[in-house]
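Each residue of the sequence shown is one higher than the last, beginning at 1 in my numbering.
Note that the Cβ used here is the ideal one computed from N, Cα and C, for glycine as well.
Note that the structure is predicted; figures quoted are calculated from it, not measured.
Data block below; observations after.
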Amino acid sequence: MLIAMTRAVSPRIAECELTHLAREPINPGRARVQHRRYEELLAELGCELHHLPPEPELPDSVFVEDTAVVLDELAVITRPGAESRRAETASVAEALKPYRKLFHIQAPGTLDGGDVLRIGKTLYVGLSNRSNLEGIEQLQRIVIAFGYSINAVRLRDCLHLKSAVTQVAENTLLINRAWTDAAVFHDFQLIDAAISEPFSANALRIADSLIYPEAFTQTRKRLEAQGIKVRTVDVSELAKAEGGVTCCSLIFTAE
Ligand code: CIR
């Protein structure tokens with residue numbers, strides 16, 4: 001069974017953290033409708049939805065990906081790089097407890113789940129404004145016992161590693177080379193995000209389909225040309241909060 005943990009959009013989403021985008025008005029009602037459609041799509045693709053308790057006072061709480069790294073054998077509760085987001089992790093730890101043995105990133109380490117790209121037994125981890133070396137080293141000490149290796153990756157001009165690169169098929173990654181070092185991923189076939197769509201490298205792979213923002217029509221053509229099945233969703237309001245499609249869920253298998 002594939003579980004998708006999600007959390008409703010906070011009415012305070014317009015007060016979210018922003019790093020690379022200018023603040024624009026965000027309509028929480030429209031964001032909620034878009035988020036519900038995203039959840040429906042997860043269900044259509046075979047996920048069982050697990051709704052985390054709402055956190056109306058925490059503006060970024062819909063972006064649950066950043067609060068945990070869930071692997072087959074364990075889950076690591078992060079310590080988000082943005083202080084305003086640290087209170088999001090407690091309820092996620094509670095919800096994950098029945099499914100996985102939990103480990104925690106401790107101060108002064110910081111780590112955002114958006115910086116962790118798992119491919120097989122390798123964790124590529126973005127060294128970003130949110131995830132520091134100490135956080136990455138703690139993650140390494142935790143996961144090494146379970147047979148994972150860590151590959152720290154430098155980023156530029158973007159929030160998280162998964163803003164710059166995500167997996168879109170068995171051996172294929174979608175990448176914005178302006179934001180990360182493509183040489184790190186030389187073992188994979190790479191599809192380039194269209195230059196006119198810099199935010200388009202964030203795609204969410206569920207089984208053999210991709211959940212993908214409807215706005216990125218040029219990059220979508222490149223994905224479909226490679227035979228990838230793309231299911232689009234309008235996430236324009238969430239994008240104003242610097243969120244993409246991976247950040248709104250934690251996906252993992254359970255018995
Ligand atoms: C933040 O800056 O933390 C939120 N406004 C957006 C987080 C997006 N998360 C992600 O890409 N994993």
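query                                                                                                                                            : result
Would you call PRO59 buried or exposed, if buried means 16 or more other Cβ atoms sit within 10 Å of its Cβ?                                     : buried
Name the two residues that bound the continuous beta strand (DSSP E) containing GLU48.                                                           : 47-51
What three-state label does DSSP hand VAL233 in the structure shown?                                                                             : strand
Ignore the nearest five residues each way along the sequence and tell me which others in PRO108's own chain have a CB closer than 7 Å to its CB. : GLU134
At a cut-off of 7 Å, would you count THR246 as near ligand 1, judging by its Cβ distance to the nearest heavy atom?                              : yes
By the three-class DSSP mapping on this structure, what secondary structure does ARG23 have?                                                     : coil
May I ask you to check if the CB of ASP60 is nearer than 7 Å to at least one heavy atom of ligand 1?                                             : yes
Compute the Euclidean distance between the alpha carbons of VAL153 and LEU127, then round it to the nearest angstrom.                            : 6 Å
Measuring alpha carbon to alpha carbon, tell me which of THR89, ARG36 and ALA95 ends up nearest ILE3.                                            : ALA95
For the beta strand (DSSP E) containing PRO213, name the first residue and the last one.                                                         : 209-213
Answer yes or no: the CB of SER163 versus the heavy atoms of ligand 1, is any distance below 7 Å?                                                : yes
Closest to GLU224 by CA distance: which of LEU250, PHE188, CYS248 and LEU174 is it?                                                              : LEU174
What number of angstroms, rounded off, separates the C-alpha of TRP179 from the C-alpha of LEU155?                                               : 6 Å
According to the neighbour-count rule (16 or more other Cβ atoms, all chains shown, within 10 Å of its Cβ), is ASP112 buried or exposed?         : buried
With respect to 7 Å, is the separation between the Cβ of ARG79 and the closest non-hydrogen atom of ligand 1 below this value?                   : no
Tell me which same chain residues have a C-beta within less than 6 Å of the C-beta of HIS35, skipping the five on either side of it?             : VAL9
For GLN167, report the span of its alpha helix (DSSP H) as first-last.                                                                           : Note, GLN167: premise wrong, no alpha helix (DSSP H); beta strand (DSSP E) at 165-169.
So, is LEU21 buried or exposed, given that buried needs 16 or more other C-beta atoms within 10 angstroms?                                       : exposed
I need the DSSP call for ILE136, collapsed to helix, strand or coil.                                                                             : helix
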